Amino acid sequence: DRKPDVKTVAIINPDYAFGHDAAKIFTAALKALKPDIQIVAELYPKLGSPNYQTEISRLTTARPDVVFSNLWGADLENFVRQATPRGLFTSSQVILALGETVLQRVPLPDGVIVGVLGDGWWMSPDAKANPETVKFAEAYKSRFGEYPVFPSIKMANTLIYVKAAYEAAMQKNGGKWPTRAELADAMKGSKVATLTGIVQTRADNDGLVDQIVGVTLKTSAQPFPVIGDMVRYKGDSLLPQAGQDPLAWISTLKPEFAKGLPKPGSYKIGER
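Just so we're aligned, residue 1 is where the sequence shown starts under the UniProt record's numbering, counting upward by one.
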């Protein structure tokens with residue numbers, strides 16, 4: 001939606017299974033939804049690399065319309081700090097799949113597409129509408145000096161989910177401490193309200209969590225970029241059916257699939 005005329009794409013992901021698998025999924029989705037796109041570079045720097053100048057040189061030389069990356073943590077921070085002065089964020093539309101984690105740490109320009117792993121952003125409409133989430137975010141800020149990033153929110157959500165699973169299992173077995181089998185059975189088909197939304201467990205034990213994506217935006221309310229123009233994709237629209245191979249499922253998608261998804265800017269308080 002932000003760059004409908006995209007023709008060329010480059011990928012820079014960490015050199016281990018997470019990075020390579022993400023590249024396969026991303027490439028498969030591009031081929032299914034926009035077959036004429038050309039991948040002009042696939043770069044896989046080693047995990048923990050302190051220097052990305054070689055990769056940045058290759059990206060700026062290739063001048064792709066879009067750069068996709070699922071670098072994370074300190075790797076992502078180093079990459080952004082080194083790529084910004086070399087103009088990568090102005091020459092290409094950059095997508096940082098896990099970019100929410102660096103918003104408070106590095107000066108990202110406006111217009112960078114950033115993602116959250118799931119729905120765990122403390123400033124999402126659902127989060128801001130939940131008094132418990134607001135309380136958690138402020139307590140976290142008071143203790144650690146910054147607001148929680150999505151890994152912190154996800155851990156808190158996980159504890160909420162596990163607590164609910166134990167309570168459900170014990171309700172079924174008469175209040176006894178549950179066995180692993182009883183706990184697993186209690187999780188199947190469950191829906192649990194968390195700090196940022198609903199997590200649902202399918203019968204095949206896959207968890208369904210919505211996905212938040214947006215675009216960096218500077219505001220007067222915060223000293224760091226926030227996520228604007230947000231969209232929230234339903235978890236069940238992003239996964240294949242139980243037992244179906246993900247890449248095989250992606251290969252069946254048609255351009256019409258993307259047209260049926262929520263549009264950027266559609267995720268607002270009271271609109272889900």
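Glycine included, C-beta positions come from ideal geometry on N, C-alpha and C.
The structure displayed is predicted, hence computed values, not measured ones.
When the beta-carbon positions are compared, T60 and Q38 stay at least 7 Å from each other. In this structure F257 is in contact with L33, their Cβ atoms being roughly 7 Å apart against a cut-off of 8 Å. Taking V40 as reference, the option from I11, T54, A23, N51 with the minimal CA-CA separation is I11. CA-to-CA, the gap between E167 and P255 works out to about 43 Å. For the pair F150 and E77, the CB atoms are not nearer than the 7 Å cut-off. Every alpha helix (DSSP H) stretch that sits fully inside the region 129–165 and reaches 4 residues is listed by chain position as 131–144. Contact annotation, F68 with F26: C-beta distance approximately 6 Å; criterion of less than 8 Å satisfied. Annotation for A62: A10, V40, A41 place their beta carbon closer than 6 Å to its own, counting only its chain and skipping 5 residues before and after.
About 19 Å separates the Cβ atoms of D206 and R232, ruling out a contact at the 8 Å cut-off.
When C-beta atoms of the region 113–121 are compared with those of the region 189–199, three or more pairs fall below 8 Å, so the two segments count as touching. Counting along the chain, the unbroken alpha helix (DSSP H) around T90 starts and ends at 88–91. Taking a 10 Å sphere around the C-beta of N51, we find fewer than 16 other C-beta atoms and assign the residue as exposed. Around the beta-carbon of E132, fewer than 16 other beta-carbon atoms lie within 10 Å, marking it exposed. Residue pairing for L43: DSSP places it in a beta bridge opposite I12. Within the same chain, and ignoring the five residues on either side of K191 in sequence, the residues whose Cβ sits closer than 6 Å to its Cβ are I198, Q200. For Y233, the beta-bridge partners assigned by DSSP are Q211. DSSP links F68 through a beta bridge to I11, I95.
By the C-beta criterion, the region 135–149 is judged to be in contact with the region 89–104, since at least 3 inter-stretch pairs fall below 8 Å.
For the set F136, N157, V114, S251, the Cα lying nearest the Cα of D229 is the one of V114. Short of 6 Å from the beta carbon of K268, and not among the five residues preceding or following it, lie these beta carbons of its own chain, in chain order: P125. In the three-state scheme derived from DSSP, where H, G and I count as helix and E and B as strand, K176 is classed as coil. I56 sits in a helix when the DSSP states are folded into three classes.
For the pair D204 and A242, the CB atoms are nearer than the 7 Å cut-off.
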